[in-house]
Structure formats: C-alpha cells, structure tokens
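**Student:**
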Amino acid sequence: MSTLKLPSPILSISSSDLFDLIRSHCGQEVLDIVIAQKIPDIQTLLRVNDLFTLVYLPTNEFRELKEKVAVQLHDGTWSVLIGFQARVDELMNALREQARLDENEYYPSSNITSTSDHLTLSIELLNKFPALSSLIKLCTDIHTLSDRNDLTLLIEILNNICTNLTRSKNNFQYSDYIMKFAILLFIYSGRNAYRFVSLNVPGFLPSITTIKKRLANSSF
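Under numbering that gives the first Met the number 0, the first residue of the sequence shown is numbered 0, with each subsequent residue one higher.
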C-alpha cells in the first residue's frame, strides 16, 4: 500500500497542485513529459495507460526530453530508467487507489445519490464531465473567492444555464439579473455578437425578440 499522502477527493485536485505532486514525487523531468503530452488535469492523467508513451515514439522531436528519463539502446529504441519508472508506477497506482477509495466514500453505487444533507456523485460521472470537479471546488471555495471577486453574475449565469437545460426550450426562464445583463449585452455588442453568444451557449440568453420587447417597455 502506498505511503503517499493524497488529497481527497482526488478528482477535485487542481492542475497546479497535481503538477506539484508529480514534480515532488517523480521529478521535474517527469513533469516535463506530462506537460509535453498535453495532460492538463487528473481526469486525463488517470486515463493514460503509459505515461512514457512519448519516449517510445520514433521521432527526434522530443529527444531532449527522452534523454532526461531514458537511455537509447544500440538498436535505436529507448528504455526508461528504472528509477523514473518505479516512481511513476507508484504515483499512478496511488492516484487510482485514492480514486477508488473516494468512489466508495463519496460516490457510492450509482451516478447520483442523495440524502437530506448530502448529494454524492460517482467517479464515472465525474470522469465523463470533468467540469463538475472544478465546479465543486468553486462552490467549496466560494466564500474565499468572493472576498477577492464579485461572483454574483457568474453564479447567476451558471445557475440559469443549468436550470434551463433541464427544461424544454419553450420553457426557458431567465432571472431579472440575467435579463438585465442580456439587454446590456445586446445594446453594447449588437445583434450579431448577441446572436453568436446565444447560439453557442444554449440556455444562457433570451431570444432577440424577447430582448426587443423588453427594450420597448423599459427605460434603456
């Protein structure tokens, strides 16, 4: 069993904290390999079968990185140094084990379960929608973040979008805060920009027809 001390739930770890963990346990050389392979977060990392795949690619593009963690054999192939391989294996096993333990503790049985006090999500659901982990962290740290930023609009937008997307399009509703924001966005950005945002962020903005009706009956 690993002696590594990992945060829990592990899927909520930030990218910067994950990179610090990789650097401290496996070395900067391994972190450079991770970054070069565009692995941005814990969800992506846990889906990787072999972190050293880059080393075995038949290309000289990453030669400098390869030479830090592996040696080239006479036949031109590369072999990862055993020390790096052992540390990476230990870290990956520990991360997967922590994810398994978290699933049993925080996200039992189904994708979503609830009690009168708690709502729990499954690892499967969090893996499918990584943004949920970030949203959970945001909500957990909301009071600290609110000391530095006014998050009222952000919270209203997220809530409005999520609520509307569970309804049929004909039943979309918008809070007064969102409606005022939408009217100002339409006035300052124009019809085309407003339509572009509306089409690409479903559930966020009321229709242009609704905006025009509000404008006709308001002091804007």
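Positions of the beta carbon are idealized from the N, C-alpha and C atoms, including for glycine.
Smallest Cα separation from SER13: which of LYS65, LEU150, LEU131 and VAL68?
**Tutor:** As a working note, residue 13 is residue 14 in the sequence shown. It is LEU131.
**Student:** In whole angstroms, what is the alpha-carbon distance linking LEU153 and VAL196?
**Tutor:** On the sequence shown, residue 153 is found 154 positions in, with the first residue counted as 1. On the sequence shown, residue 196 is found 197 positions in, with the first residue counted as 1. Straight through space, the alpha carbons of VAL196 and LEU153 are spaced by roughly 15 Å.
**Student:** Along the alpha helix (DSSP H) that carries SER23, what are the first and last residues, could you check?
**Tutor:** Walking along the sequence shown from the start, residue 23 turns up at place 24. That run of the alpha helix (DSSP H) goes 14 to 25.
**Student:** Grab me the residues of TYR55's own chain with a C-beta within less than 7 Å of its C-beta, minus the 5 sequence neighbours each way, in chain order.
**Tutor:** On the sequence shown, position 56 is the one that residue 55 refers to. Around TYR55: TRP77.
**Student:** Would GLU155 and SER167 qualify as a contact pair, given that the criterion is a beta-carbon distance under 8 Å?
**Tutor:** As a first step, residue 155 is located in the sequence shown; it is residue number 156 there, counting from the start. As a first step, residue 167 is located in the sequence shown; it is residue number 168 there, counting from the start. No.
**Student:** Go through the region 45 to 97 residue by residue and report every complete run of the alpha helix (DSSP H) that reaches 4 residues or more, in order.
**Tutor:** 52 to 55 and 62 to 68
**Student:** Could you pull out every residue in the same chain whose Cβ sits closer than 6 Å to the Cβ of ASP40, ignoring the five residues on either side in sequence?
**Tutor:** Position 41 of the sequence shown, counting from 1, holds the residue named residue 40. Hits under 6 Å: SER14.
**Student:** Leaving out five residues on either side along the sequence, give the residues of the same chain with a beta carbon under 7 Å from the beta carbon of ARG97.
**Tutor:** Here residue 97 is taken as the residue at index 98 of the sequence shown, counted from 1. It should be noted that the sequence gives Gln, not Arg, for residue 97. The answer, listed in chain order, is LEU5, SER7 and ILE9.
**Student:** What residue range does the alpha helix (DSSP H) around SER188 cover?
**Tutor:** Looking up residue 188 in the sequence shown gives position 189. Note, SER188: alpha helix (DSSP H), 175 to 188.
**Student:** Between PHE203 and the rest of its own chain, which residues show a CB-CB distance below 6 Å, the 5 nearest in sequence each way excluded?
**Tutor:** The count along the sequence shown starts at 1 and reaches residue 203 at position 204. Around PHE203, the same chain offers ILE160 as residues with beta carbons nearer than 6 Å, after the five sequence neighbours per side are excluded.
**Student:** Could you give the distance in angstroms between the alpha-carbon of THR151 and the alpha-carbon of TYR176?
**Tutor:** Locating residue 151 in the sequence shown gives position 152, where the first residue counts as 1. Locating residue 176 in the sequence shown gives position 177, where the first residue counts as 1. When rounded, the distance between both Cα atoms is 9 Å.
**Student:** So the candidates are VAL200, LEU30, LEU134 and PHE185; which of them puts its Cα closest to the Cα of THR208?
**Tutor:** Walking along the sequence shown from the start, residue 208 turns up at place 209. Closest by alpha carbon: PHE185.
**Student:** Here's a check: name, in chain order, each residue in its chain whose Cβ is nearer than 8 Å to the Cβ of LEU3, leaving out the five neighbours to either side.
**Tutor:** Translated into positions along the sequence shown, residue 3 becomes position 4. Correct list, in chain order: HIS24, GLU89, LEU90 and ALA93.
**Student:** Hey, ASP31 and LEU64: beta-carbon distance below 8 Å or not?
**Tutor:** Numbered from its first residue, the sequence shown carries residue 31 at position 32. Numbered from its first residue, the sequence shown carries residue 64 at position 65. Going by C-beta atoms, ASP31 is nearer than 8 Å to LEU64.
**Student:** With a CB to CB cut of under 8 Å and the five nearest residues on each side skipped, what residues in its chain are close to LEU72?
**Tutor:** Here residue 72 refers to the residue found at position 73 of the sequence shown. Excluding positions up to five away in sequence, the list reads SER78.
**Student:** Quick check on LEU125: does DSSP put it in helix, strand or coil?
**Tutor:** Here residue 125 corresponds to residue number 126 of the sequence shown, with the count starting at 1. Residue state, collapsed to three classes: helix.
**Student:** From what residue to what residue does the alpha helix (DSSP H) around LEU291 run?
**Tutor:** With the chain represented from 0 up to 219, any question about residue 291 goes unanswered, as that position is not in the structure.
**Student:** Rank PRO205, GLN27 and LEU45 by C-alpha distance to the C-alpha of ASN169 and give the top, closest one.
**Tutor:** In the sequence shown, counting from the first residue as 1, residue 169 sits at position 170. The candidate whose alpha carbon is nearest that of ASN169 is PRO205.
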